[in-house]
Amino acid sequence: MDEKYHEQASDLEAHRRQFALEEVRRRMQGAGRDDCEDCGELIPRERRLAAPAAIRCIACQELYERMST
3 MDEKYHEQAS DLEAHRRQFA LEEVRRRMQG AGRDDCEDCG ELIPRERRLA APAAIRCIAC
63 QELYERMST
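Going letter by letter, the sequence shown gives residues 3 to 71 in my numbering.
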């Protein structure tokens, strides 16, 4: 039982690491996201066209900017 648990935990960690690496590569290329990093909702097509590197929807980006200042 413990071996199976450790194997599952190891697999999960490997998937998380792979996802994180893909995110870093994507950001380095200046590519945005389809879904908002903060709320998870889809970023509207118009925003993605206007700001291809966007990682947040407009509402979350405005909140992020207010919190950052």
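Positions of the beta carbon are idealized from the N, C-alpha and C atoms, including for glycine. Model, not experiment: these values are computed from the prediction.
Contact annotation: E39 and R18 have beta-carbon atoms that are not nearer than 8 Å. Burial is judged here by how many other beta carbons sit within 10 angstroms of a residue's own beta carbon; A52 has fewer than 16 and is exposed. DSSP places L65 inside the alpha helix (DSSP H), whose first and last residues are 60-70.
Residue burial is scored here from C-beta neighbours: A56 has at least 16 other C-beta atoms within 10 angstroms and is therefore classed as buried.
For D37, the three-state secondary structure derived from DSSP is strand.
In the same chain as G34, and ignoring 5 residues on each side of it, the C-beta atoms closer than 8 Å to its own belong to I45, R50, A53, P54, A55, A56, I57, in chain order.
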